[in-house]
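This report refers to the structure that appears directly beneath it.
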């Protein structure tokens, strides 16, 4: 029994000493993007984390088809997107541990869906209008840089910018006939910058709290 108590105390002490940063991206609210970030301190200079967010707007598009006829018919398309973003940060000027200037690497797994988009069915003798959902799955890798300001208490502020490249981007239509419409452009519905070289852009302004943590000299 004494051994079990000692082990429990050791585990409890390790958990309390471990540093956990939990944050929200307040800048994302401007783009109807909502999510949470979590970061674990490996030591005072290095951390790993993961971010999760959902949004109802395509940050890289105005939300309407570039085809004027389809845009009039559909208006702003119904959109949903989910992102899972693991990341690594190296801090160069830590003062309170895992704060100050940093650079890092990130990955992004993204799914999106634009619903009920008009296209022209050209499979028959007489063209007719139909609708399709455009769903995407993407995987990107990128680099980032930023600054984290830690207060004397538990709060911190963080600004991040990053750029990456999509290594994979699959597009699926709920109605395969849309693929035959030369005036239906799937790029209207895919959340990235550029077509020949699809790029990912990250901009975040976070506010969060730090739970646990030891001295900055760990």
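In the numbering used here, the protein residues as written are 11 to 228. Just so it is clear, CB atoms sit at the ideal spot from N, CA and C, and this is done for glycine as well.
Residue burial classification, residue i (beta-carbon count within 10 angstroms, cutoff 16)
i, result
"residue 200", "buried"
"residue 29", "buried"
"residue 96", "exposed"
"residue 31", "buried"
"residue 82", "exposed"
Element boundaries [alpha helix (DSSP H), containing residue i]
i, result
"residue 84", "78-84"
Of the residues the options, the one placed nearest residue i, counting alpha carbons only
i, options, result
"residue 167", "218, 112 and 29", "218"
"residue 234", "179, 135 and 157", "No answer is possible for residue 234: the residues shown for the chain start at 11 and end at 228."
"residue 69", "44, 101 and 182", "44"
"residue 56", "103, 47 and 196", "103"
"residue 193", "40, 72, 65 and 77", "77"
"residue 126", "58, 220 and 85", "85"
"residue 176", "82, 100, 114 and 118", "118"
Endpoints, beta strand (DSSP E) assigned at residue i
i, result
"residue 56", "56-65"
"residue 139", "138-160"
"residue 46", "43-53"
"residue 231", "What the structure shows of the chain is the stretch from 11 to 228, and residue 231 is not part of that stretch, so it cannot be assessed."
"residue 130", "110-131"
"residue 100", "88-101"
Those residues which DSSP pairs with residue i across a bridge
i, result
"residue 203", "209"
"residue 181", "146"
"residue 174", "152 and 210"
"residue 165", "219"
"residue 32", "48 and 219"
Cβ distance (whole Å) where residue i is taken to contact residue j below 8 Å
i, j, result
"residue 158", "residue 109", "5 Å"
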